[in-house]
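Enquirer:
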Amino acid sequence: MSNNKSLVAKIEEAILMRTKLKFMDSRENVNDFLKEQLNAPAKSVKSIFKSIDFNGTRIFTFGDENAKNTILYIHGGAFVLEINIQHLIYCFLLSKKMDAYVLAPVYPIAPKHNASETYGIITSLYKKLIQRDNLILMGDSAGGGFVHSFCQYLRTIDLQQPQKIITFSPWVDISMSNPPYDSKNDPVLGEIGLKEVGKSWAGELNTDDYRVSPLFGDNTNLPDTLIFAGEREIFYNDIKKYAENLKNDGVNVRLVTGNDLFHIYPLFPMPEAYAAFKEIKKEIIG
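Below, the structure is given as structure tokens:
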């Protein structure tokens, strides 16, 4: 990656800084947010993209079912925000450029739901997809962290691993146990809010349980892994540590750092994201 941040990336970062969610940096705001979400009526995600019902769970689908590759994409949003248009457009692009059938489940989120419920849904879906050739698990942020945890979990239930793992800025430690975290200079994330949200998502699990924090899990026999991270995001040090864990556990892992870039930068329309997309295409298509 280039050391010179593009003008578009600078503009994107400035916009993100001005629109940063209030609950990220305030315990009072995050507690209010969680209470509001707990009492809010269920919302249906509106989209022009096709979706199917799988055992009561809505799944957005993109591309031809007979495509060469299959991608199961787990969206981010700190486990409290639903899939959004940014995720859906990216999945659409993946289907077009990677010769892929892409599935993006609208999984249950906190505070009304927790990790254990989502494990049940994603495990059932994964069992339906496991016989497909070239199955790839992808995810961003919270969804990326879930992907890594889920593949660790697959080892414990004797299900085969996917062909590859590709994640963007995965949240690998919801306990946030490796301070300091520079929330002030992160235009997207905040330590205070994330800690409270993480507790809600974990439910009855400890926040350092590998099923919610893959940083503490066993990566033995996991597939080839490609991870993207922004140098300026508060997850960066945790992600570097996790990449080292993967190497130590014998996994073929590649960490691509976006120099001076922010959280989930590959999802944004800017030159650095186009470069990341080329890396993904190289990983999947060759």
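Using this note's numbering, the first residue of the sequence shown is number 1007, and each one after it goes up by one. We put the beta carbon where it would ideally sit given N, CA and C, even for glycine. Just so you know, these numbers come straight off a predicted model, no measurement behind them.
Residues in its own chain within less than 6 Å of N1254 by CB, not counting five upstream and five downstream?
Expert: Residue mapping note: residue 1254 aligns to position 248 of the sequence shown, counting from 1. Here the set comprises nothing.
Enquirer: To test your reading of the DSSP string, which unbroken beta strand (DSSP E) runs of 3 or more residues are found completely within the region 1239-1283?
Expert: Whole beta strand (DSSP E) segments, 3+ residues: 1259-1264.
Enquirer: Check whether the Cβ atoms of I1240 and S1183 lie closer than 8 Å to each other.
Expert: Within the sequence shown, residue 1240 is the residue found at index 234, counting from 1. Within the sequence shown, residue 1183 is the residue found at index 177, counting from 1. Result no, Cβ atoms of I1240 and S1183 do not sit closer than 8 Å.
Enquirer: Can you name the residues that DSSP bridges to D1146?
Expert: Here residue 1146 is taken as the residue at index 140 of the sequence shown, counted from 1. For D1146, which the question treats as bridged, DSSP gives the partners F1174.
Enquirer: Give the DSSP-derived three-state secondary structure of S1057 in the structure shown.
Expert: For this step, residue 1057 is matched to residue 51 along the sequence shown. Strand, per DSSP.
Enquirer: Who are the Cβ neighbours of E1289 in its own chain at under 6 Å, not counting the five residues just before and after it?
Expert: Against the sequence shown, residue 1289 aligns to sequence position 283. Contacts found: L1232.
Enquirer: How about the region 1139-1148 and the region 1082-1094: do they share at least three Cβ pairs that are nearer than 8 Å?
Expert: They touch, by the three-pair rule.
Enquirer: Name the residue from K1133, I1245, N1120 and E1202 whose alpha carbon lies nearest to the alpha carbon of L1221.
Expert: Position 215 of the sequence shown holds residue 1221. With distances taken between Cα atoms, L1221 lies closest to I1245.
Enquirer: Any contact between the region 1031-1038 and the region 1065-1077? By contact I mean 3 or more CB pairs, one from each, below 8 Å.
Expert: Short answer: they don't touch.
Enquirer: Which of helix, strand or coil does DSSP assign to R1064?
Expert: In the sequence shown, residue 1064 corresponds to position 58, counting from 1. Correct three-state label for R1064: strand.
Enquirer: Under DSSP, the alpha helix (DSSP H) around F1085 begins and ends at which residues?
Expert: For the purposes of this step, residue 1085 is taken as the residue at position 79 of the sequence shown. Premise fails: F1085 is in no alpha helix (DSSP H) and is neither H nor E.
Enquirer: At a cut-off of 7 Å, is Q1166 close to the ligand FMN when judged by its beta-carbon and the heavy atoms of the ligand?
Expert: Among the components modelled here there is no ligand, and therefore nothing to report on the ligand FMN.
Enquirer: When the Cα of K1052 is compared with those of Q1092, I1077 and K1247, which residue comes out closest?
Expert: Residue 1052 sits at position 46 when you count from the first residue of the sequence shown. If we check each option's Cα against that of K1052, Q1092 comes out closest.
Enquirer: Alpha carbon to alpha carbon, how far is I1058 from Q1137? Give it in angstroms, no decimals.
Expert: Here residue 1137 refers to the residue found at position 131 when the sequence shown is read from its first residue. Here residue 1058 refers to the residue found at position 52 when the sequence shown is read from its first residue. So the two alpha carbons sit approximately 19 Å from each other.
Enquirer: Tell me, to the nearest whole angstrom, how far the beta carbon of V1203 is from that of V1086; I am working on the premise that it is less than 8 Å.
Expert: By one-based count along the sequence shown, residue 1203 stands at place 197. By one-based count along the sequence shown, residue 1086 stands at place 80. That belief holds up - the Cβ atoms of V1203 and V1086 are roughly 5 Å apart, short of 8 Å.
Enquirer: So the alpha helix (DSSP H) F1039 belongs to, where does it begin and stop?
Expert: Start at 1 with the first residue of the sequence shown, and residue 1039 comes out as number 33. Counting along the chain, the alpha helix (DSSP H) containing F1039 begins and ends at R1033 to N1045.
Enquirer: According to the Cβ coordinates, are P1168 and P1229 closer than 8 Å?
Expert: By one-based count along the sequence shown, residue 1168 stands at place 162. By one-based count along the sequence shown, residue 1229 stands at place 223. Their beta carbons are under 8 Å apart, which means P1168 touches P1229 by this criterion.
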